[in-house]
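In the numbering used here, the protein residues as written are 390 to 1659.
No residue lacks a Cβ here, since even glycine has one placed at the ideal position from N, Cα and C.
Spelled out as structure tokens, the structure:
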């Protein structure tokens, strides 16, 4: 007899297993509820057991929800969306939107009629989650409650909120520089999170007059208030049940379904199964490759010693030492947490050092500081000298091991790779703000998910016998992987060991990249204290690793030794003071002032210290230089980027017409930063006043995620429309004149098609947006003239005047370019000092509102800054470089390589496709010499940019000071293989000089494209018929992408990552002596695939593979020497495969007997495969046979099937898994262009009439063999 039958009121349970917590509710029939919410700390199984024990009692029904719930609970599962509907119905609420604000992600449920009509999830980035707040508050020594309370006292400051790691980095730097307080950061974090939530609401496109908030964050009154201020027309509601809304819905669903037969309560928790997770070798196996230098200990103390104080004010920890000037040994040391206050941490370190020397008389003769907080700390230490971390670490390494040539420095927030030559840094690289390769990531993941203290991380990781292989991951994403592994029962030790491996993988991928690792690696930084890190480095590099006795102190030791060198050279004065004097120093904050040196108008802080007033702050290095000793100052260099801006927008700005016909707005974005003289002269020639958009005004909101320059274009057009201009001039600019050795000079697809995007976004004003199709390439002159005339009709201007105005504008642009280059050439005449060439797209590198004052930062350090588009053009360029701006970049790189004392700083924007693929060639050409690569978007902060630019310039200065020439290209570089064609055929020539025919038994052809097995078998048949050995690589999976990240930055498009990963994996496992020809699509752009072949060649070279190359049959190479028929056969195979995929999808959805239909289809495919082996490619015969013999078995279902179109580029349309998921539930996906062919096939097969289907219907020709091959 069930419990309800016994007369007791029934009770039902609902469970919601989230990323960071477990929610439970017990619902009684009378509506009374009991609930419990607990953080599971990465161990939900144990948490559930504890909650079950606490809530002992019987239930008449239970439902579980949450993405990982079914892995842990043997209870009926219902999706969270259904539970949300049930909870709202139970509570009588009818909001337009429900926002579930979880620990790891946010979800917006769009409601109508009580049902969820659409779900929109935030991206998988921790910056948009509640758990991020918890972590960041913890970095400032605040728990969640105290962090929210502190936020009410704070003020907002700008934070780099694009991702969790960049935001964390920016917050750390601001605290370390004393620019704000912990309360300010807490306030700004909540404001940033609120802005993301508001963006999720408005971006949903759903009405949002009434929004109900759910999840733990809904309890923050400040967040609700912030949301209300951002969206004043929206009513936000928080219920008492908001913290466990989905769990309530689960209980309500259980009650609706009545009494269920449930397993015994002690069997509700499932046993964990982690057998499918990939694993690595235990770290302990590599301990024998690690050399740990013994610590000599501190020098015995005595009265009257002379000390140099060295401080490393790092992002996570602060370190300090007293270096005995006479012996060069450490006399005292201190290591403690920064907690966002480097000044306080420094004084605590000094107090500790003072206690260690025990009151002995002593003399502090100098002090120096390094680390992210060095500037503010140096002021508090009597304006002592501050050094960049790279130089400091290199100086300490030179003292410890003079022959070391490679430094791995992994700190709490930053990671650095340094190449040394004679102990002097000659090349470097830093993480781009991602913490997945740093210690703070490991520490926070262990603390928040596993509650493991930092001192136990290493021993636990070393004890692991079966580490998880997480691979190279974004910090936010790897946290999800950690939680998944823990939720599947993986031992903490195995997870921690996997995280240590992941740190090193991220470091090698994101920091080291293609740079050459030397013979001797010295591992430094606080994370090297973790005994598991060095074995992981040894495992993944295959080399030996040396660890200093005190790796965490190398920064402060190096700073002390550097100022000691200056003291010896009399470049700085000797002090005579005691440690206690620093604590007695009083610094008075004075009123700030505005710096009028440039248009930035920075607010600069002032401090009164003793008898001196010191300036601090600003976007450039002007005031940092002013604080330095005179012997270390540099005269300011020339900012020729500013000269370019002045010439373009002032010298060559045409005069406004005396009596304008109207006002035409010109967006200050994208191509305007190169073609302003052309555009302005053309429009004024038509009789109109030109109105430029205003910097910093207008909304950057877009309808879909776009790159930063595209966002600025939206803002510029928004501002111009607000200025009530008559028209906005926004042309479709297609192509620039190509340089020698290249055929095209495209703009990227986004820039080319931005007018259409803008017109769609500003739909109400689309008629005021003028978008003629123009191009500057010679072959586009005619169409451009036609478009100019068409535009004249719109503006009611004569065609003659329009044509004359365009011709005058072309001449005006040419005059600007000649004058501009002449001015730059004259400025560089006789300049022998080092100079920095700034390269990038003009609308990023040269635009003041985008480049974060990088030119000023460089110039105020004493370097002349040269715009990259002004240097003499260098040819020949790589023919694969199909984009105008990347051609300019690589031309400038060639100029820098050929001219001494010229160094390259490249500025790009996040999500830039051409730059992502071109970066492979950029790094290859600059290998062996310092260069700086910066990525910028609307969230990028000055602090991270300053650190990287400063390191770049410090490396150059150090090399100059010690007269060390650039190292040049690595000596171990191999020559890549290539194709060679002559009158007798096509050959593979390997890097070692071997020459083989394409049908040589040692040559293997490997397809890198994803696709169905049918096409692989067809292609295998084609290639076998001409004697080629063909392999079709498996379709892309997670492992493939991990292989790709060994050689890619992650910025590349997914298809290239897929193919690169397949190639790397294949090369790792191929047979010895094999020569591999990877078949990789070859197109001319403007998509990324225009440069795929060049990037692949660079990758093979980097891997040391001289017997691998990429190729693709094109008319240019006579289809790899096989003639037109071979090319036609290959096209036919791909078309047939696409058509058959459509047929398969349709039959699975519509056939009455799915099994019989699939059997028929497989028979057709088998005949087509057999035909390919006879060098035929026609579907006619196979389809006719199927029609005669099998038609009665494929009667169509008598029901309406869902049809859904699928758009997207070709690679994604061919992806297998989404298509199969849809058709398994009866939804047929079709791709435009192929549905016609598939319909004709099905019509004939099912006897429904219609024209006969032949492949030639698609292609316009029949590829069956009817004549001898050419």
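Near residue 1052, which residues of its chain fall below 6 Å by C-beta distance, leaving aside the five closest residues on each side in sequence?
On the chain shown, residue 1052 is found 663 positions in, with the first residue counted as 1. Same-chain partners within the cutoff: 1078, 1080, 1114 and 1115.
Assign residue 1036 to one of three DSSP states: helix, strand, or coil.
Here residue 1036 refers to the residue found at position 647 of the chain shown. Three-state DSSP puts residue 1036 in a helix.
Return yes when the Cβ of residue 1424 is within less than 8 Å of the Cβ of residue 1399, no when it is not.
Along the chain shown, read from residue 1 onward, the residue named residue 1399 stands at position 1010. Along the chain shown, read from residue 1 onward, the residue named residue 1424 stands at position 1035. Result yes, Cβ atoms of residue 1399 and residue 1424 sit closer than 8 Å.
Please name the residue or residues paired with residue 1375 in a DSSP beta bridge.
By one-based count along the chain shown, residue 1375 stands at place 986. Residue 1375 is bridged to 1370.
For residue 511, tell me which candidate among 589, 1421 and 984 has the shortest Cα-Cα distance.
Numbered from 1 along the chain shown, position 122 holds the residue referred to as residue 511. Ranking the options by Cα distance to residue 511, first place goes to 589.
Reducing DSSP to helix, strand and coil, say where residue 755 ends up.
In the chain shown, counting from the first residue as 1, residue 755 sits at position 366. Strand at residue 755.
Quick check on the burial criterion: 16 or more other C-beta atoms within 10 angstroms. Buried or exposed for residue 618?
Translated into positions along the chain shown, residue 618 becomes position 229. By the neighbour-count rule (16 or more Cβ atoms within 10 Å), residue 618 is not buried but exposed.
Please determine, among 472, 453 and 990, the residue with the shortest C-alpha to C-alpha distance to residue 463.
Your numbering for residue 463 matches position 74 in the chain shown. If we check each option's Cα against that of residue 463, 453 comes out closest.
My output table needs one value for residue 425: the three-state DSSP class, helix, strand or coil.
The residue given as residue 425 occupies position 36 in the chain shown. Here residue 425 sits in strand by DSSP.
Quick one: Cα of residue 629 to Cα of residue 637, how far?
Working through the chain shown from its first residue, we reach residue 629 at position 240. Working through the chain shown from its first residue, we reach residue 637 at position 248. One C-alpha to the other measures close to 11 Å.
Please tell me whether residue 1256 and residue 1217 are closer than 8 Å, where the distance is taken between their beta carbons.
Residue numbering aside, residue 1256 sits at position 867 when the chain shown is read from its first letter. Residue numbering aside, residue 1217 sits at position 828 when the chain shown is read from its first letter. Cβ atoms of residue 1256 and residue 1217: not closer than 8 Å.
For residue 644, is the classification buried or exposed, using 16 other Cβ atoms within 10 angstroms of its Cβ as the cut-off for buried?
Counting from 1 along the chain shown, the entry for residue 644 is found at position 255. Residue 644 should be labelled buried.
Rounded to the nearest angstrom, what separates residue 1095 and residue 1146 at their Cα positions?
Along the chain shown, read from residue 1 onward, the residue named residue 1095 stands at position 706. Along the chain shown, read from residue 1 onward, the residue named residue 1146 stands at position 757. Roughly 11 Å between the two C-alpha positions.
Round the Cβ separation of residue 876 and residue 461 to the nearest angstrom and send it over; I've been treating them as touching at under 8 Å.
As a first step, residue 876 must be located in the chain shown, where it is residue number 487. As a first step, residue 461 must be located in the chain shown, where it is residue number 72. Yes, residue 876 and residue 461 are in contact; Cβ-Cβ is about 7 Å, under 8 Å.
Rounded to the nearest angstrom, what separates residue 741 and residue 747 at their Cα positions?
Here residue 741 refers to the residue found at position 352 of the chain shown. Here residue 747 refers to the residue found at position 358 of the chain shown. C-alpha separation (whole angstroms): 10 Å.
DSSP on residue 1387, reduced to helix/strand/coil?
Indexing the chain shown from 1 puts residue 1387 at position 998. DSSP places residue 1387 in coil when its eight states are reduced to three.
Start and end of the alpha helix (DSSP H) containing residue 529?
Here the question's residue 529 lines up with position 140 in the chain shown. Residue 529 -> no alpha helix (DSSP H), and no H or E assigned at all.
Starting from residue 1004, follow its DSSP beta bridges and name the residues at the other end.
Counting from one through the chain shown, the residue named residue 1004 turns up at place 615. Note: residue 1004 sits in a beta bridge opposite 995.
With a threshold of 6 Å on Cβ separation, who are the neighbours of residue 1433 within its own chain once the five nearest residues in sequence on each side are excluded?
Residue 1433 sits at position 1044 when you count from the first residue of the chain shown. Excluding residues within five positions, the ones whose Cβ falls inside 6 Å are 1446, 1449 and 1450.
In whole angstroms, what is the alpha-carbon distance linking residue 407 and residue 428?
Along the chain shown, read from residue 1 onward, the residue named residue 407 stands at position 18. Along the chain shown, read from residue 1 onward, the residue named residue 428 stands at position 39. Going by the C-alpha atoms only, they are around 9 Å apart.
Assuming contact is defined by CB atoms lying nearer than 8 Å, are residue 720 and residue 738 in contact in what I supplied?
Indexing the chain shown from 1 puts residue 720 at position 331. Indexing the chain shown from 1 puts residue 738 at position 349. It is not a contact, given that the beta carbons lie outside the stated cut-off.
Would residue 1140 and residue 1059 be called neighbours here (beta carbons separated by less than 8 Å)?
Locating residue 1140 in the chain shown gives position 751, where the first residue counts as 1. Locating residue 1059 in the chain shown gives position 670, where the first residue counts as 1. Their beta carbons are under 8 Å apart, which means residue 1140 touches residue 1059 by this criterion.
Pick out the complete alpha helix (DSSP H) segments inside the region 630-691, 4 residues or longer, and give them in chain order.
Segments of the alpha helix (DSSP H) lying fully in the region 630-691: 634-645.
Could you spell out where the beta strand (DSSP E) holding residue 1478 opens and where it closes?
Residue mapping note: residue 1478 aligns to position 1089 of the chain shown, counting from 1. No beta strand (DSSP E) holds residue 1478; DSSP gives it neither H nor E.
Buried or exposed: which applies to residue 400, given that a residue is buried once 16 or more other Cβ atoms fall within 10 Å of its Cβ?
As a working note, residue 400 is residue 11 in the chain shown. When all chains shown are included, residue 400 counts as buried.
Among residues of its own chain, excluding the 5 on either side of residue 681, which ones have a beta-carbon nearer than 7 Å to its beta-carbon?
Here the question's residue 681 lines up with position 292 in the chain shown. Hits under 7 Å: 936.
Given a threshold of 16 other Cβ atoms within 10 Å of its Cβ, counted over all protein chains shown, does residue 413 qualify as buried or as exposed?
Within the chain shown, numbered from 1, the residue matching residue 413 stands at position 24. Looking at its Cβ environment, which holds 16 or more other Cβ atoms inside 10 Å, residue 413 is buried.
Give the list of continuous beta strand (DSSP E) stretches no shorter than 3 residues that lie fully inside the region 1062-1144.
List check, beta strand (DSSP E) in window: 1078-1081 and 1116-1118.
Below 8 Å on the Cβ atoms is my guess for residue 886 versus residue 672; work out the distance and round it to an integer in Å.
In the chain shown, residue 886 corresponds to position 497, counting from 1. In the chain shown, residue 672 corresponds to position 283, counting from 1. Contact holds; Cβ gap of about 6 Å.
Rounded to whole angstroms, what is the Cα-Cα separation between residue 946 and residue 1310?
As a working note, residue 946 is residue 557 in the chain shown. As a working note, residue 1310 is residue 921 in the chain shown. If you take the alpha carbons of residue 946 and residue 1310, they lie about 37 Å apart.
Leaving out the 5 sequence neighbours to the left and right, which residues in its chain are closer than 7 Å to residue 342 when beta-carbon positions are compared?
What the structure shows of the chain is the stretch from 390 to 1659, and residue 342 is not part of that stretch, so it cannot be assessed.
So the candidates are 1339, 1551, 1197 and 591; which of them puts its Cα closest to the Cα of residue 1406?
For the purposes of this step, residue 1406 is taken as the residue at position 1017 of the chain shown. Nearest option by C-alpha distance: 1551.
Once DSSP output is grouped into helix, strand and coil, what is the label at residue 1415?
Counting from 1 along the chain shown, the entry for residue 1415 is found at position 1026. It is coil, neither helix nor strand.
From residue 620 to residue 485, what distance separates their C-alpha atoms?
As a first step, residue 620 is located in the chain shown; it is residue number 231 there, counting from the start. As a first step, residue 485 is located in the chain shown; it is residue number 96 there, counting from the start. When rounded, the distance between both Cα atoms is 14 Å.
Are residue 889 and residue 910 close, meaning C-beta to C-beta below 8 Å?
If you number the chain shown from 1, residue 889 lands on position 500. If you number the chain shown from 1, residue 910 lands on position 521. Taking 8 Å as the Cβ cut-off, residue 889 and residue 910 do not qualify as a contacting pair.
Do we get a CB-CB distance below 8 Å when we pair residue 1185 with the residues of chain B?
The chain inventory of the structure shown lacks chain B, comprising one protein chain alone.
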